[in-house]
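Below: one structure, written as structure tokens.
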Amino acid sequence: MNTALVILTGGQSSRMGSDKARLPFGDTCLLEYLSEKFSKVFPSVYLSVRKASDYDDLKLDIPMIEDIIPGCGPLSGIYSTLSKAKEDRFLFISVDTPFADPLAARKMASLSADHPLALVRRKNDKTESLFAVYEKNCLAVIEQCFADQNYALKHLYDLCPPFLVAENELFAEEGHFFSDSDIYHCFFNMNTRQDYYYALRRLGKMQQTHNDIPVLSFVARSGTGKTTYIEKLIPLLKNEGIRLALLKHDAHGFEMDKPGKDSHRFTRAGADHVILTSRQKTAAIIQHEDTVPLGDLLQKISNADLIITEGYKHETQKKIELLRKGYQETPVSDREHLIALVADFKINADLPVFDLNDPAAILPFLLDYMRNY
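In this text, residue positions in the sequence shown follow my numbering: the first is 1372, and each later residue adds one.
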């Protein structure tokens, strides 16, 4: 059964001092920011509003559902949506949760598929009342709340006990790594100006990471010489004043905290994150059960002019493939993302080809790539 996403915007925003939905956020307002983010994951997205005319000037291409019985808190929007929208199931979030995660929301919808009402149970055993799934057959219970003139969601849950989705199940999306910070901020809501300013600072930090930094992967069959080639490129790039970040994927695993060292003792004792720091450098050892997606790793990089990755040939970033005579002579990267070849033999191609034994030859191409990224 498909689940539609509903953004509740009907609050009074009294502590904020202005309509939260209209607060500037990134290049747009908070309402448009959330609408665009969730529309990429949910086929149907609705806006629950007190009056549709309040947002006529935004020209949003998303259907709005007006409150049938206004002034009853979130229950107004939930009741109106269940009454008017065509779908049978809905996941409700609040407009003041800017970092709510669409993947976690999709997981919430799937885990609660057999239940008419479902909430998230946090690690501290508290529940999240506005990251919740409702089916249309909840309407009779909500109407009873109106008859009782008790509009608190707790009263609704007393009448219709919800199914609880454990937080650790919710943040287990295959192929996606959720940090503790991601989980905390998924449920972070803005009630005051101080909360809003904090959210703006966090958004700024998120936007200052890999999205603005050129990323380029060198890929090849193991044994072709990727590491040696990149090693020779590094001083050439540094001589140009480039701040460089390197990210290497090791398919065979690695161990950097040696037995007997403090870091190894902390890890063995059960620490999930261990950070080593000195005057010259800092290293972080983070335990995880599965491969961390490239995009999540790139998000952690800042203060660089270029990110070079070794490997990740199946990802969608731009790639340069290395070829070696008698070993690997045919490119295997997808043509859409391949921008150049490096080889130790002559090759006819409709892409730029550079000499594997002369790393300096590719330098102008890399500088041009960075300028036009």
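Even glycine gets a Cβ: it sits at the ideal position worked out from N, Cα and C.
CA-CA distance, residue i and residue j?
{"i": "Arg1492", "j": "Val1536", "result": "6 angstroms"}
{"i": "Asp1566", "j": "Glu1403", "result": "19 angstroms"}
{"i": "Lys1417", "j": "Leu1607", "result": "A small fix is needed here, since residue 1417 is Tyr in this sequence, not Lys. About 53 angstroms."}
{"i": "Arg1695", "j": "Thr1595", "result": "6 angstroms"}
{"i": "Ser1673", "j": "Ile1605", "result": "18 angstroms"}
{"i": "Ser1419", "j": "Thr1468", "result": "15 angstroms"}
{"i": "Thr1701", "j": "His1620", "result": "22 angstroms"}
{"i": "Lys1422", "j": "Glu1437", "result": "5 angstroms"}
{"i": "Asp1398", "j": "Leu1574", "result": "11 angstroms"}
{"i": "Ser1410", "j": "His1556", "result": "20 angstroms"}
{"i": "Asn1743", "j": "Asn1539", "result": "42 angstroms"}
{"i": "His1486", "j": "Thr1498", "result": "16 angstroms"}
{"i": "Phe1728", "j": "Asn1610", "result": "Inspection of the sequence shows that residue 1728 is occupied by Asn rather than by Phe. Distance between the alpha carbons of Asn1728 and Asn1610 is about 19 angstroms."}
{"i": "Ile1378", "j": "His1526", "result": "22 angstroms"}
{"i": "Pro1395", "j": "Leu1401", "result": "6 angstroms"}
{"i": "Gly1612", "j": "Ile1678", "result": "14 angstroms"}
{"i": "Ala1518", "j": "Thr1687", "result": "55 angstroms"}
{"i": "Pro1533", "j": "Pro1664", "result": "33 angstroms"}
{"i": "His1623", "j": "Ser1593", "result": "Summary for His1623: the model assigns pLDDT 48, below 50, so the residue's position carries little reliability, and this model does not support an answer."}
{"i": "Thr1380", "j": "Asp1459", "result": "21 angstroms"}
{"i": "Gly1444", "j": "Asp1427", "result": "22 angstroms"}
{"i": "Leu1524", "j": "Leu1530", "result": "10 angstroms"}
{"i": "Ile1440", "j": "Ala1503", "result": "20 angstroms"}
{"i": "Ala1484", "j": "Lys1671", "result": "34 angstroms"}
{"i": "Phe1725", "j": "Ala1714", "result": "6 angstroms"}
DSSP on residue i, reduced to helix/strand/coil?
{"i": "Pro1395", "result": "strand"}
{"i": "Asp1726", "result": "strand"}
{"i": "Phe1517", "result": "helix"}
{"i": "Leu1669", "result": "helix"}
{"i": "Tyr1522", "result": "coil"}
{"i": "Ser1419", "result": "strand"}
{"i": "Ala1655", "result": "strand"}
{"i": "Arg1695", "result": "strand"}
{"i": "Val1412", "result": "coil"}
{"i": "His1623", "result": "In this prediction, His1623 scores a pLDDT of 48, lower than 50, which makes its location untrustworthy; the coordinate-derived value is nonetheless stated afterwards. Coil."}
{"i": "Phe1745", "result": "No information on residue 1745 is available, as it lies outside the stretch 1372 to 1744 that the chain covers here."}
{"i": "Cys1557", "result": "helix"}
{"i": "Ser1550", "result": "coil"}
{"i": "Cys1531", "result": "coil"}
{"i": "Asn1743", "result": "coil"}
{"i": "Ala1675", "result": "coil"}
{"i": "Glu1506", "result": "strand"}
{"i": "Ala1543", "result": "coil"}
{"i": "Glu1686", "result": "coil"}
{"i": "Glu1499", "result": "strand"}
{"i": "Val1512", "result": "helix"}
{"i": "Leu1405", "result": "helix"}
{"i": "Ala1731", "result": "helix"}
{"i": "Leu1376", "result": "strand"}
{"i": "Glu1538", "result": "helix"}
Does the distance from the CB of residue i to the CB of residue j come in under 8 angstroms?
{"i": "Tyr1522", "j": "Leu1446", "result": "yes"}
{"i": "Met1741", "j": "Asp1676", "result": "yes"}
{"i": "Tyr1505", "j": "Phe1549", "result": "no"}
{"i": "Ser1500", "j": "Leu1488", "result": "no"}
{"i": "Lys1689", "j": "Leu1587", "result": "yes"}
{"i": "Lys1457", "j": "Leu1541", "result": "no"}
{"i": "Met1681", "j": "Leu1712", "result": "Strictly speaking, residue 1681 in this sequence is Glu, with Met absent from that position. The answer is no: Cβ separation not under 8 angstroms."}
{"i": "Ile1449", "j": "Phe1470", "result": "no"}
{"i": "Leu1668", "j": "Leu1617", "result": "no"}
{"i": "Val1590", "j": "Ser1704", "result": "yes"}
{"i": "Leu1405", "j": "Val1466", "result": "yes"}
{"i": "Ala1476", "j": "Leu1376", "result": "yes"}
{"i": "Arg1564", "j": "Met1387", "result": "yes"}
{"i": "Leu1453", "j": "Lys1507", "result": "yes"}
{"i": "Ile1733", "j": "Leu1722", "result": "no"}
{"i": "Lys1408", "j": "Pro1473", "result": "yes"}
{"i": "Pro1730", "j": "Lys1603", "result": "yes"}
{"i": "Thr1374", "j": "Ala1543", "result": "no"}
Do residue i and the ligand NAP come close, with the Cβ less than 7 angstroms from some heavy atom?
{"i": "His1708", "result": "Here there are no bound small molecules, and the ligand NAP is not part of this structure."}
Item to complete: Counting only runs of 4+ residues fully inside the stretch 1433 to 1495, write out the alpha helix (DSSP H) ranges in chain order.
Response: As far as the stretch 1433 to 1495 is concerned, its whole alpha helix (DSSP H) runs of at least 4 residues are 1445 to 1455, 1473 to 1482.
Worksheet entry | Length at least 4, wholly inside the stretch 1567 to 1610: the alpha helix (DSSP H) runs in chain order | 1597 to 1609
Practice prompt. Say whether the stretch 1506 to 1515 touches the stretch 1551 to 1564, bearing in mind that this needs 3 or more beta-carbon pairs closer than 8 angstroms, one atom from each stretch.
Written response: no
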